[in-house]
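Trainee: Below: one structure in C-alpha cells.
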Amino acid sequence: MKFELLHTDINSKARAGVLTTDHGTIETPIFMPVGTVATVKGVHQRELKEDINPDIILGNTYHLYLRPKTEILEKAGGLHKFMNWDRNILTDSGGFQVYSLAGRRKIKEEGVKFKSHIDGSYHFFSPESVMEIQRTIGADIIMAFDECTPYPCDYRYAKRSMHMTHRWLDRCISHLEKVPTKYGYEQTLFPIVQGSTFKDLRAQSAEYIANAGAEGNAIGGLSVGEPAEEMYEMCEVVTNILPKDKPRYLMGVGTPINILENIALGIDMFDCVMPTRNARNGMLFTSEGMINIKNKKWADDFSPIDSMGHTWVDLEYSKAYLRHLFVADEYLGKQIATIHNLGFYMWLVREARTQILAGTFYAWKEKMVKQMATRL
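Okay, here's the thing in C-alpha cells:
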C-alpha cells in the first residue's frame, strides 16, 4: 500500500491524498459504506458501483467469521470474489462487536471468549486467530485486534485496556509475519489507537501506535456515546501525534457534521452504518438538513429529495413519491433512501476533497455544518 499526501488546508488540518492498494486507488478523504455481511444493506453491487461509486467498502470480521464462515470464503477465493466486488475492502477486527456483546463475552489477556448472537455457540478470538481470519477473508486493509472501551469509562480500566490493546498489537504483528497472504495480493495492517476520552491515554496510545511503523493507523473507541466535542478533542490529540505521511482512519464515525469536523482535524477515512440504517427508518441526509420522509408535510411535495438540485445519485424521485413508498411499506422506498444517503455521504467527502485542493475548505465546511444541522 502507498499513500501520497497531495495538499493540506491552510486554515485547518484537512488533507487530500491518494491511497493505492492492489485493488486500485482511493482518493481521500473517503467514506466507506458498511458491508457488514458481504453486502451493503439494500444495495445491489451494480448500484453500489454505478450510483454510489465508492473506492472502498467495509466488511466485518466477527459477522463474516460466524456467517458464511471462513471456510466458505476461502473456497470462494476470498471476500472480493465471494461478493463480486473488484475494488478495495477493509475489514475491522471484531473488537467493536466484542465490545457490543456485553454479557455475552469474557475478556482476558489471551483473548476474548464470546457467545454467538446467531445460535448461542461459544467462540474465542485472540490477536493471532483474528489475523488468520482476516487473511482468509482477504481484505486489502485489515485491523489489529483491540478492546473498545465503553463510555463512560473508569480511568484505571481505560488505561489497563489500552495497554492490553498495545500488547495485542504486538502479537498481531508478530503472527501476521508467519501467515502468508492467500490470494496473490498484499494486505496492510492498521493498528488502533485507544484510551477512551482521557487525553493523556490517547497521547500515550498514539505514540505507541505511531512507533509501530504501520502503513496506516486507526482511531477506535470513539462515537460510543461521548459528546461530539469530546470526540473532537481526542482526535485533535491523536492527529497531532500520528505520522502525517500515513492515512488516518476514524472508526465508526459518524454524522455528516462529525465527518466534516474530523476532516478538519486531519482524518482521512471514515465508516458508519448511519446512512444506511437511518435510510431504512426514513431519515434522509441532504445539503440543506435532515428530512424525516414519513412526515405528512411531504405528502404533496413533488420537489426532488434534495431541493438544492445536487445530483450525487441519479434518482429522479420526489419527496411525495418516496413518502408514499414508506407509508405503503414498499421495499423500494428503503432502497431509494439508502442509495440517496450513501450518495450524499460520498458527495460530501468528495466535495470536501475538492474544497481542500482549491484552498476553500474551511469556509465551505463552516457553511455546510450550519446547513446540515437543520431539521427540515
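Following the working numbering, the numbering of the sequence shown begins with -13 at its first residue and continues without gaps.
Even for Gly, the Cβ is constructed at its ideal location relative to N, Cα and C.
1. Could you tell me which residues DSSP pairs with PHE(-11) in its beta bridges?
2. Helix, strand or coil, according to DSSP, for LYS99 in the structure here?
3. What do you get for ASN226, buried or exposed, if any count of 16 or more other CB atoms within 10 angstroms of its CB means buried?
4. Per DSSP, which residues does GLY238 bridge with? Please list them.
5. Grouping DSSP H, G and I as helix and E and B as strand, with all else coil, what is THR22?
6. Rounding to the nearest angstrom, what Cα-Cα distance links LYS99 and TRP284 in this structure?
7. On the three-pair Cβ rule with 8 Å, is the region 157 to 172 touching the region 204 to 212?
8. With a threshold of 6 Å on Cβ separation, who are the neighbours of TYR171 within its own chain once the five nearest residues in sequence on each side are excluded?
9. Following the continuous beta strand (DSSP E) through GLU13, name the residue where it begins and the one where it ends.
10. Across which residues does DSSP place ASN390 in a beta bridge pair?
11. Taking TYR243 and VAL165 to be in contact with their CB atoms under 8 Å, please state how far apart those CB atoms are, rounded to whole angstroms.
12. Is the beta carbon of PHE176 closer than 7 Å to that of PHE17?
13. So the alpha helix (DSSP H) LYS185 belongs to, where does it begin and stop?
14. Let's see if you can read the secondary structure: which residues bound the alpha helix (DSSP H) around ASP257?
15. Assuming the contact rule is C-beta atoms closer than 8 Å, GLN341 and TRP350 should be a hit. Round their C-beta distance to whole Å, please.
Mentor: In short:
1. Bridge pairing for PHE(-11): LEU5 [DSSP].
2. strand
3. exposed
4. In DSSP, GLY238 forms no bridge with anything.
5. coil
6. 49 Å
7. no
8. ASP8
9. Per DSSP, GLU13 belongs to the beta strand (DSSP E) from 10 to 14.
10. Since the first residue shown for the chain is -13 and the last is 362, residue 390 is missing from the structure and cannot be characterised.
11. Before going on, a small fix: residue 243 reads as Ile here, not Tyr. No, ILE243 and VAL165 are not in contact; Cβ-Cβ is about 40 Å, not under 8 Å.
12. no
13. 185 to 197
14. Counting along the chain, ASP257 falls outside any alpha helix (DSSP H), though it belongs to the beta strand (DSSP E) covering 255 to 257.
15. Indeed they touch by this definition, with Cβ atoms about 5 Å apart.
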